[in-house]
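J.:
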Amino acid sequence: MRLIVQKYGGTSVGTPERIRNAARRLVEAQREGSRVVAVISAMAGVTDELIKLAHEMSEHPTERELDILLATGEHAASALVAMAVNALGGRAISLTGAQAGILTDRNHTKARIANISPKQIHELLSDDYIVIVAGFQGQTPEGETTTLGRGGSDLTAIALAGALNADVCQIFTDVDGVFTCDPRSVLAAKKLDEIAYDEMLEMAGAGSKVVQSRAVEFAKKFGIEFEVRSSLNQNVGTIAKTETANMEDIVVRGLSLERKQAKLTIAGVRDEPGCAGRIFSNISAAHIIVDMIVQNASIGGTTDISFTIHEDELENARKILMPVVSEVGAKRLNTASGVAKLSVVGIGMRSHSGVAARLFDCLGKAGINIHLISTSEIKIAVIIDEKDLEHAAQMAHEEFGLGRLTIAGGKMPPIG
Ligand code: ADP
Ligand code: ASP
Ligand code: MG
Numbered sequence: 001m002r003l004i005v006q007k008y009g010g011t012s013v014g015t016p017e018r019i020r021n022a023a024r025r026l027v028e029a030q031r032e033g034s035r036v037v038a039v040i041s042a043m044a045g046v047t048d049e050l051i052k053l054a055h056e057m058s059e060h061p062t063e064r065e066l067d068i069l070l071a072t073g074e075h076a077a078s079a080l081v082a083m084a085v086n087a088l089g090g091r092a093i094s095l096t097g098a099q100a101g102i103l104t105d106r107n108h109t110k111a112r113i114a115n116i117s118p119k120q121i122h123e124l125l126s127d128d129y130i131v132i133v134a135g136f137q138g139q140t141p142e143g144e145t146t147t148l149g150r151g152g153s154d155l156t157a158i159a160l161a162g163a164l165n166a167d168v169c170q171i172f173t174d175v176d177g178v179f180t181c182d183p184r185s186v187l188a189a190k191k192l193d194e195i196a197y198d199e200m201l202e203m204a205g206a207g208s209k210v211v212q213s214r215a216v217e218f219a220k221k222f223g224i225e226f227e228v229r230s231s232l233n234q235n236v237g238t239i240a241k242t243e244t245a246n247m248e249d250i251v252v253r254g255l256s257l258e259r260k261q262a263k264l265t266i267a268g269v270r271d272e273p274g275c276a277g278r279i280f281s282n283i284s285a286a287h288i289i290v291d292m293i294v295q296n297a298s299i300g301g302t303t304d305i306s307f308t309i310h311e312d313e314l315e316n317a318r319k320i321l322m323p324v325v326s327e328v329g330a331k332r333l334n335t336a337s338g339v340a341k342l343s344v345v346g347i348g349m350r351s352h353s354g355v356a357a358r359l360f361d362c363l364g365k366a367g368i369n370i371h372l373i374s375t376s377e378i379k380i381a382v383i384i385d386e387k388d389l390e391h392a393a394q395m396a397h398e399e400f401g402l403g404r405l406t407i408a409g410g411k412m413p414p415i416g
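Residue numbers (my numbering): 1 to 416.
Take a look at the structure:
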């Protein structure tokens, strides 16, 4: 008998009606002849609300207590799904992460899964139960509750699918699959039939996150194929899998857009060991996340270093860098807000040359100026003025054969 793992995200269990909908799908999957394990996230907004409450109690809540608190969101939702299945005449039982045998390290709030002992799940499945597992959590060898980082129910589902040797792993969410661009900010983005793990990771890193990156890394490491699909219709979703030769025919799989970026340039930095280290250790000590870093070739013993951060951090970064600028012998610090990042991603770039030239050329023809460029093996990212972002995305989407786009200007089109 085939074994199926289905994960339902927060919006897919966000209301009593959505919980009943998930329960109906689980019962249906069992009726169609599968053994069924469900992984459930907290109802939409609950985790955020619990975090907010914790910070009302304390500026720095202890991580142990935070984990105990946050795990309750998934406890509640999984118990409610089990009740809904039972009310439909099905047979379900809910388990906490610990009861499901998910063992983690001791790293509270972002624990890693060390091992899964799914003995109890197997026993319940052979007794014909639909087994409902609370996502996002596990326990340490000492029995302490841990959570797996934001979006961690994806990891629970993929890791369980691996441990149970499941035939199918489905990640149910509020969109039809993985799209060429975030479907909430880009109308007419196209749903992809398949995507390579590496492409999903690059798209997530560039601002297009559908499935937790750690979950995708886990799937890649153990070769666990999964499908991202909607809990609100019967449409086939997107299969995430190990790359195959024919995936290379598509040069660009998708685009990611990141708004609200700021660019900083330290001009005339002495070209000697330790200068970059001095700049970025100051920035990282202030917990400012740096994205792109570009250093120019040295001319006359000095070089320029540019990098990007989130716009909200600009003032803070400027304050931190002012004294550092003179320490590294630099001439000045230039900053610009109102910029954005456009990334194009695809493993086909490895075997097709001239992709960067095509992107730059199409942006040039549209009169869009590029401030910074960075590349990886399967990604080209450019920093441009935020006002040009939508136009740039449209041009690139068409240039690489992904079709015409209509941008919703960051507003959410109604989904579901
Ligand atoms: P869940 O609550 O089901 O875990 P998430 O909110 O974590 O759902 O992830 C689904 C969201 O991911 C979608 O609503 C969508 O806005 C966003 N997203 C970002 N980039 C993409 C993309 N390229 N394709 C599909 N969805 C994307
Ligand atoms: N509820 C957790 C979060 O909001 C885990 C998840 O939804 O996957 O991050
Ligand atoms: Mg999620």
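Glycine included, each C-beta is placed from N, C-alpha and C at the ideal position. Predicted model, so just to flag it, every value in this text is computed and none were measured.
Using only the heavy atoms of ligand 3, determine whether one of them is closer than 6 Å to the beta carbon of Gly151.
T.: Reading the sequence shown from its first residue, position 151 is the one you call residue 151. The answer is yes for Gly151.
J.: Between which residues of its own chain and Lys110 is the CB-CB distance below 8 Å, once the five residues before and five after are set aside?
T.: Start at 1 with the first residue of the sequence shown, and residue 110 comes out as number 110. Closer than 8 Å at the Cβ level, and outside the excluded window around Lys110, lie Thr147, Leu148, Gly149.
J.: So is the beta-carbon of Thr265 under 6 Å away from any non-hydrogen atom of ligand 2?
T.: Here the question's residue 265 lines up with position 265 in the sequence shown. Incorrect: Thr265 has no Cβ contact closer than 6 Å to ligand 2.
J.: Does the beta-carbon of Ala54, which I'm using as the reference point, lie nearer than 6 Å to any heavy atom of ligand 2?
T.: Walking along the sequence shown from the start, residue 54 turns up at place 54. No, since every heavy atom of ligand 2 falls outside the 6 Å radius drawn around the Cβ of Ala54.
J.: Using DSSP bridges, identify the partner residues of Lys7.
T.: Taking the first residue of the sequence shown as position 1, residue 7 is located at position 7. Val39, Ile171, per the DSSP bridge assignment.
J.: Which same chain residues, not among the five before or five after Ala215, have their C-beta less than 6 Å away from its C-beta?
T.: Taking the sequence shown and counting its residues from 1, the one referred to as residue 215 is at position 215. Excluding residues within five positions, the ones whose Cβ falls inside 6 Å are Asp154, Leu155, Ile158.
J.: So, with DSSP's three-state summary, where would you put Leu192?
T.: Working through the sequence shown from its first residue, we reach residue 192 at position 192. Here Leu192 sits in coil by DSSP.
J.: Please report the distance separating the alpha-carbon of Ile93 from that of Gly101.
T.: If you number the sequence shown from 1, residue 93 lands on position 93. If you number the sequence shown from 1, residue 101 lands on position 101. Each residue's Cα considered, the two are about 15 Å apart.
J.: Do Ala340 and Leu389 come within 7 Å of each other at the CB atom, strictly closer than that value?
T.: On the sequence shown, residue 389 is found 389 positions in, with the first residue counted as 1. On the sequence shown, residue 340 is found 340 positions in, with the first residue counted as 1. With a cutoff of 7 Å on beta-carbon distance, Leu389 and Ala340 are scored as near each other.
J.: In chain order, what residues of the same chain have a beta carbon less than 7 Å from the beta carbon of Gly151, not counting five sequence neighbours either side?
T.: Translated into the one-based positions of the sequence shown, residue 151 becomes position 151. Excluding residues within five positions, the ones whose Cβ falls inside 7 Å are Gln212.
J.: Please go through the same chain and pick out, in chain order, the residues whose beta-carbon is closer than 6 Å to the beta-carbon of Ile415, but skip the five residues on each side of it.
T.: Along the sequence shown, one-based indexing puts residue 415 at 415. Residue confidence is low: Ile415 scores 38 on pLDDT, short of 50, so the model does not pin down where it sits. No coordinate-derived value is stated.
J.: According to DSSP, what are the bridge partners of Val355?
T.: Translated into positions along the sequence shown, residue 355 becomes position 355. The partner list for Val355 (beta bridge, DSSP) is empty, contrary to what the question assumes.
J.: Anyone know if the C-beta pair for Val345 and Arg253 falls short of 7 Å?
T.: Numbered from 1 along the sequence shown, position 345 holds the residue referred to as residue 345. Numbered from 1 along the sequence shown, position 253 holds the residue referred to as residue 253. Result yes, Cβ atoms of Val345 and Arg253 sit closer than 7 Å.
J.: Tell me which residue opens and which closes the alpha helix (DSSP H) that Ile121 is part of.
T.: Residue numbering aside, residue 121 sits at position 121 when the sequence shown is read from its first letter. In the DSSP assignment, Ile121 falls within the unbroken alpha helix (DSSP H) covering 119 to 126.
J.: Suppose contacts are defined by Cβ-Cβ distances below 7 Å. Is Leu255 in contact with Cys181 by that definition?
T.: Taking the first residue of the sequence shown as 1, we reach residue 255 at position 255. Taking the first residue of the sequence shown as 1, we reach residue 181 at position 181. Cβ atoms of Leu255 and Cys181: closer than 7 Å.
J.: Contact between the segment 74 to 86 and the segment 14 to 24: three or more CB pairs below 8 Å?
T.: yes
J.: Could you tell me if Phe136 is buried or exposed, where buried requires 16 or more neighbouring beta carbons within 10 angstroms of its beta carbon?
T.: Here residue 136 is taken as the residue at index 136 of the sequence shown, counted from 1. Its Cβ being crowded by 16 or more others within 10 Å, Phe136 is buried.
J.: Would you report the Cα separation of His75 and Ile113, rounded to the nearest angstrom?
T.: Numbered from 1 along the sequence shown, position 75 holds the residue referred to as residue 75. Numbered from 1 along the sequence shown, position 113 holds the residue referred to as residue 113. Separation of His75 and Ile113 (C-alpha to C-alpha, rounded to the nearest whole angstrom) is 18 Å.
J.: Distance, Cα to Cα, Leu3 vs Ala357?
T.: Locating residue 3 in the sequence shown gives position 3, counting from the first residue. Locating residue 357 in the sequence shown gives position 357, counting from the first residue. Cα to Cα, Leu3 sits roughly 47 Å from Ala357.
J.: Beta-carbon within less than 7 Å of Leu124's beta-carbon, same chain only, minus the 5 sequence neighbours each way: which residues are those?
T.: Counting from one through the sequence shown, the residue named residue 124 turns up at place 124. Hits under 7 Å: Ile93, Val131.
J.: Is the distance from the Cβ of Gly73 to the Cβ of Thr104 below 7 Å?
T.: Walking along the sequence shown from the start, residue 73 turns up at place 73. Walking along the sequence shown from the start, residue 104 turns up at place 104. Thr104 is positioned such that its CB atom lies no closer than 7 Å to that of Gly73.
J.: Hey, out of Val210, Leu66, Arg24, Lys119, whose CA is closest to Gly9's CA?
T.: As a position in the sequence shown, residue 9 is number 9, starting the count at 1. Among Val210, Leu66, Arg24, Lys119, the Cα nearest to that of Gly9 is on Val210.
J.: Ignoring anything shorter than 4 residues, give me the alpha helix (DSSP H) runs that lie fully in the segment 337 to 409, in order along the chain.
T.: Runs of the alpha helix (DSSP H) inside the segment 337 to 409: 355 to 365, 389 to 399.
J.: Let me know the secondary structure DSSP gives Ser12 once reduced to three states.
T.: Counting from 1 along the sequence shown, the entry for residue 12 is found at position 12. In the structure shown, Ser12 sits in a helix (DSSP, three-state: H, G or I).
J.: Taking Cβ positions only, does Ala188 come closer than 7 Å to chain B?
T.: Absence of chain B from the displayed structure is noted, only one protein chain being present.
J.: Which residue from Gly401, Ile378, Ala29, Met200 puts its Cα closest to that of Cys169?
T.: Position 169 of the sequence shown, counting from 1, holds the residue named residue 169. The shortest Cα separation from Cys169 among Gly401, Ile378, Ala29, Met200 belongs to Ala29.
J.: With distances taken between CB atoms, is the gap from Ile283 to Val294 smaller than 7 Å?
T.: Translated into the one-based positions of the sequence shown, residue 283 becomes position 283. Translated into the one-based positions of the sequence shown, residue 294 becomes position 294. Contact: no.
J.: With DSSP as the reference, label Ser222 as helix, strand or coil.
T.: Start at 1 with the first residue of the sequence shown, and residue 222 comes out as number 222. According to the sequence as given, residue 222 is Phe; it is not Ser. Correct three-state label for Phe222: helix.
J.: Terminal residues of the continuous beta strand (DSSP E) containing Ile293?
T.: Along the sequence shown, read from residue 1 onward, the residue named residue 293 stands at position 293. For Ile293, the enclosing beta strand (DSSP E) covers residues 293 to 295.
J.: Any heavy atom of ligand 3 closer than 6 Å to the beta-carbon of Leu9?
T.: For the purposes of this step, residue 9 is taken as residue 9 along the sequence shown, with counting starting at 1. For clarity, residue 9 is Gly in the given sequence; the question names Leu instead. It does: the Cβ of Gly9 is within 6 Å (strictly closer) of some heavy atom of ligand 3.
J.: Helix, strand or coil, according to DSSP, for Gly254 in the structure here?
T.: By 1-based counting over the sequence shown, the position of residue 254 is 254. Three-state DSSP puts Gly254 in a strand.
J.: Can you tell me whether Asp304 is helix, strand or coil according to DSSP?
T.: Counted from its first residue, the sequence shown places residue 304 at position 304. Taken through DSSP and simplified to helix, strand or coil, Asp304 comes out as strand.
J.: Closest to Ile299 by CA distance: which of Phe360, Glu272, Arg278 is it?
T.: What you label residue 299 is simply residue 299 of the sequence shown in a count that begins at 1. Per the Cα distances, Glu272.
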